[in-house]
Amino acid sequence: MLQIQENVSLKHFNTFGIDANARYFTEISHEDELIELFADPQWLAVDRLVLGGGSNMLLVNDFNGLVIRLNIRGIVHRISHNDVFVEAGAGEVWNDLVNFCVDRNYAGMENLSLIPGSVGASPIQNIGAYGVELKDIFESCRAFEITTGTFKTFTKADCHFGYRESVFKTDLAGQYIIVLVKFRLSLIPRFNLKYGAIEQELVKRGITTPTTETVSEVVASIRVSKLPDPSTIGNAGSFFKNPIISAEEFTALQQKFPDVVNYPTPDGQVKLAAGWLIEQCGWKGKTVGNTGTWKNQALVLVNHGGATGQEVYTLSSQIIDSVYTKFGVMLQREINVIG
Ligand SMILES: Cc1cc2nc3c(=O)[nH]c(=O)nc-3n(C[C@H](O)[C@H](O)[C@H](O)COP(=O)(O)OP(=O)(O)OC[C@H]3O[C@@H](n4cnc5c(N)ncnc54)[C@H](O)[C@@H]3O)c2cc1C
Numbered sequence: 012m013l014q015i016q017e018n019v020s021l022k023h024f025n026t027f028g029i030d031a032n033a034r035y036f037t038e039i040s041h042e043d044e045l046i047e048l049f050a051d052p053q054w055l056a057v058d059r060l061v062l063g064g065g066s067n068m069l070l071v072n073d074f075n076g077l078v079i080r081l082n083i084r085g086i087v088h089r090i091s092h093n094d095v096f097v098e099a100g101a102g103e104v105w106n107d108l109v110n111f112c113v114d115r116n117y118a119g120m121e122n123l124s125l126i127p128g129s130v131g132a133s134p135i136q137n138i139g140a141y142g143v144e145l146k147d148i149f150e151s152c153r154a155f156e157i158t159t160g161t162f163k164t165f166t167k168a169d170c171h172f173g174y175r176e177s178v179f180k181t182d183l184a185g186q187y188i189i190v191l192v193k194f195r196l197s198l199i200p201r202f203n204l205k206y207g208a209i210e211q212e213l214v215k216r217g218i219t220t221p222t223t224e225t226v227s228e229v230v231a232s233i234r235v236s237k238l239p240d241p242s243t244i245g246n247a248g249s250f251f252k253n254p255i256i257s258a259e260e261f262t263a264l265q266q267k268f269p270d271v272v273n274y275p276t277p278d279g280q281v282k283l284a285a286g287w288l289i290e291q292c293g294w295k296g297k298t299v300g301n302t303g304t305w306k307n308q309a310l311v312l313v314n315h316g317g318a319t320g321q322e323v324y325t326l327s328s329q330i331i332d333s334v335y336t337k338f339g340v341m342l343q344r345e346i347n348v349i350g
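Written as structure tokens, this is what we have:
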């Protein structure tokens with residue numbers, strides 16, 4: 012039964028732990044409730060915010076509209092030859108789905124272990140970690156078009172996935188609510204162990220024949236050692252994207268800064284490590300009022316307790332300015348700034 016609450020605190024609905032209020036708030040447990048909700052023109056007229064786990068957003072102000080929290084559950088799986096097709100409701104917790112698949116030796120998601128948030132948000136920014144992106148295992152998703160009240164299936168090609176990008180953040184921003192995501196996994200693992208310290212960690216553990224389970228465990232343990240746990244210190248993971256610049260720009264930059272951390276991209280450009288750039292500007296582990304950057308990773312902005320969204324936003328602007336002044340590189344926020 013669809014219920015609309017008024018003046019709801021979102022403090023426990025965002026991993027930054029920012030205490031902002033939603034003017035209206037509703038939870039959707041079944042896709043029919045979306046049809047019911049938008050049958051009332053009142054909700055077409057207000058600002059809307061779709062919310063999963065709130066782990067990729069910064070609430071700068073109270074939200075003077077309707078927050079729609081996705082809680083559609085359910086996981087269905089089907090094996091066809093060596094392929095495994097898994098469908099999950101948007102409200103499933105991403106890492107629960109990863110564990111579900113890892114437990115059954117369905118390979119493909121293991122490098123994406125322990126990423127916070129919901130299944131429904133995973134295509135929005137094409138989540139990625141340790142050399143794997145959502146697009147590598149994405150088959151399709153089902154989404155509700157708000158203005159027409161109908162459902163549409165998006166294939167991988169429709170989604171225009173890029174680095175932390177999809178059509179849902181660009182051309183179709185705010186128009187669709189993802190209700191279900193379908194993945195294609197495999198019974199035959201093809202592990203991607205080259206990224207980060209995965210290989211080293213496997214060697215350290217004496218693992219010569221990795222399995223989906225051991226790779227997942229290793230990825231999870233590396234993440235725990237590097238990233239702050241949002242349940243103890245508010246954060247939204249990487250606050251900025253790693254900037255991508257042209258080969259010419261990179262050559263000029265490297266002449267001035269020979270140590271600049273870089274990763275060539277397949278299309279001939281160069282990805283820079285935003286964390287390194289920020290660290291070089293002296294921000295790593297710095298506290299500013301109630302906010303600051305994480306001591307082990309300057310790319311992560313944290314709420315030391317009682318920070319407002321505005322405080323965090325101001326710090327992020329200062330970081331962008333100082334990186335631009337020193338390196339001439341403009342950082343872009345990865346997280347969604349709300350309000
Ligand atoms: C400690 C930490 C580590 C992280 N590490 C990574 C990482 O390694 N890689 C990575 O890619 N991300 C990472 N993130 C970011 C975050 O986990 C992902 O972006 C995740 O997909 C966000 O999911 P969510 O449900 O919390 O989305 P939310 O924050 O609730 O929403 C994010 C955006 O998606 C929209 N949205 C959410 N659900 C839907 C839906 N069903 N339909 C339409 N729009 C929707 C929202 O409106 C918003 O614009 C990390 C975050 C934290 C806190």
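The sequence shown runs 12 to 350 under this note's numbering.
Here a beta-carbon is modelled for each residue, glycine too, at the ideal position from N, C-alpha and C.
Just so you know, these numbers come straight off a predicted model, no measurement behind them.
N- and C-terminal bounds of the alpha helix (DSSP H) containing residue i
{"i": "R234", "result": "223-237"}
{"i": "A132", "result": "Counting along the chain, A132 falls outside any alpha helix (DSSP H), and DSSP gives it neither H nor E."}
{"i": "D94", "result": "Run containing D94: none in the alpha helix (DSSP H); it sits in the beta strand (DSSP E), 94-100."}
{"i": "N110", "result": "105-114"}
Span of the beta strand (DSSP E) around residue i
{"i": "W305", "result": "302-305"}
{"i": "F24", "result": "Run containing F24: none; DSSP gives neither H nor E here."}
{"i": "N347", "result": "347-349"}
Three-way DSSP call (helix, strand, coil) for residue i in this model
{"i": "L326", "result": "helix"}
{"i": "V340", "result": "coil"}
{"i": "F250", "result": "coil"}
{"i": "I7", "result": "Not covered by the structure: residue 7. The range shown for the chain is 12 to 350."}
{"i": "Y35", "result": "strand"}
{"i": "N122", "result": "helix"}
heavy atom of ligand 3 below 7 angstroms from residue i C-beta
{"i": "Q16", "result": "Here the bound small molecules are ligand 1; ligand 3 is not part of this structure."}
For the segment 277-296 and the segment 230-248, state whether three or more C-beta atom pairs, one from each stretch, are separated by less than 8 angstroms.
-> Contact fails between the segment 277-296 and the segment 230-248, because fewer than three Cβ pairs, one in each stretch, are under 8 angstroms apart.
Any beta strand (DSSP E) of 3 or more consecutive residues that is wholly inside the segment 151-219 | If we require 3 residues or more, the beta strand (DSSP E) runs fully inside the segment 151-219 come out as 161-166, 187-197.
Completely contained alpha helix (DSSP H) runs for the segment 49-92, where each covers 4 or more residues | Counting only runs of 4 or more residues that sit fully inside the segment 49-92, the alpha helix (DSSP H) segments are 53-56, in chain order.
Could you give the uninterrupted runs of the alpha helix (DSSP H) lying entirely in the segment 252-320, keeping only those of 4 residues or more?
-> Fully contained in the segment 252-320 are the following alpha helix (DSSP H) runs of length 4 or more, in chain order: 258-267, 285-291.
Is it a yes or a no for the segment 131-144 touching the segment 155-164, going by three-plus beta-carbon pairs under 8 angstroms?
-> Three or more Cβ pairs closer than 8 angstroms define a contact, and the segment 131-144 falls short of that threshold against the segment 155-164.
Would you call the segment 187-195 and the segment 146-160 in contact, with 3 or more CB pairs under 8 angstroms?
-> In the pairwise beta carbon analysis, the segment 187-195 is classified as touching the segment 146-160: at least three pairs are separated by under 8 angstroms.
Three-pair Cβ contact test at 8 angstroms for the segment 273-280 versus the segment 206-213 | The segment 273-280 is not in contact with the segment 206-213.
Between the segment 71-79 and the segment 88-107, do three or more beta carbon pairs fall short of 8 angstroms?
-> Not touching, per the Cβ criterion.
Spell out a yes or no on whether the segment 113-127 and the segment 139-154 are touching, meaning 3 or more CB-CB pairs, one atom from each, closer than 8 angstroms.
-> Counting C-beta pairs closer than 8 angstroms gives three or more between the segment 113-127 and the segment 139-154, which meets the contact rule.
Spell out a yes or no on whether the segment 23-31 and the segment 238-251 are touching, meaning 3 or more CB-CB pairs, one atom from each, closer than 8 angstroms.
-> By the criterion of at least three beta-carbon pairs nearer than 8 angstroms, the segment 23-31 is in contact with the segment 238-251.
Does the segment 170-180 come close enough to the segment 79-93 that 3 or more CB-CB pairs lie under 8 angstroms?
-> Using a C-beta cut-off of 8 angstroms, the segment 79-93 makes no contact with the segment 170-180, since fewer than three inter-stretch Cβ pairs fall below that distance.
Does the segment 319-333 touch the segment 255-265, meaning 3 or more C-beta pairs lie closer than 8 angstroms?
-> As far as the Cβ criterion goes, the segment 255-265 does not touch the segment 319-333, which means the pair count is below three.
Is it a yes or a no for the segment 282-293 touching the segment 307-314, going by three-plus beta-carbon pairs under 8 angstroms?
-> A contact exists between the segment 282-293 and the segment 307-314.
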